Amino acid sequence: MATKTIARPRTPASPKENAQDAADLLENALTQLESLLWICYGEDIDWHTGEGPRHLDNVLWLAADMARKAGELFQVSEAERRKPPATES
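So this note's numbering is basically just the index in the sequence shown, starting at one, shifted up by 27.
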């Protein structure tokens, strides 16, 4: 089986520059999920050779993505919380 090459998104200069199509986002999510499930199996995993380093890298990538998305959601929620209440007319 050929190894997969996943292009990770670079740090964007603007949100529009970071736009990826649905196929890329799905491929990224499936790669991360595959690695997460692989490490959950747990038995006889060699983290230093074979598939171990690739899967570990993908799981760390998943954790970094989740942390970034959580930070973005926190910023949005804080901005919403700080808005003055709407007045009814």
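Where is the CB? At the ideal position from N, CA and C, for every residue including glycine. As the structure is a prediction and not an experimental result, all values here were calculated from the model.
When the Cα of residue i is compared with those of the options, which residue comes out closest?
i     : options                : result
Ser89 : Thr58, Asp48 and Ala49 : Contrary to the premise, residue 89 reads as Leu rather than Ser in this sequence. Cα-wise, what sits closest to Leu89 is Thr58.
Report yes if the C-beta distance between residue i and residue j is below 8 Å; otherwise report no.
i     : j     : result
Ser62 : His75 : no
Gly79 : Asp71 : no
Taking 7 Å as the limit between beta carbons, can you name the residues of its chain near residue i, skipping five residues before and five after?
i     : result
Leu52 : none
Pro85 : Residue 85 is actually Asn in this sequence, not Pro. Cβ within range, chain order: Thr58, Gln59 and Ser62.
Excluding the five sequence neighbours on either side, which residues of its own chain have a C-beta within less than 6 Å of the C-beta of residue i, listed in chain order?
i      : result
Trp65  : His82
Phe101 : none
Gln47  : none
Leu87  : none
task = Only counting runs of 4 or more residues, tell me where the alpha helix (DSSP H) segments fall wholly within the segment 44-102, in order along the chain.
result = 49-68
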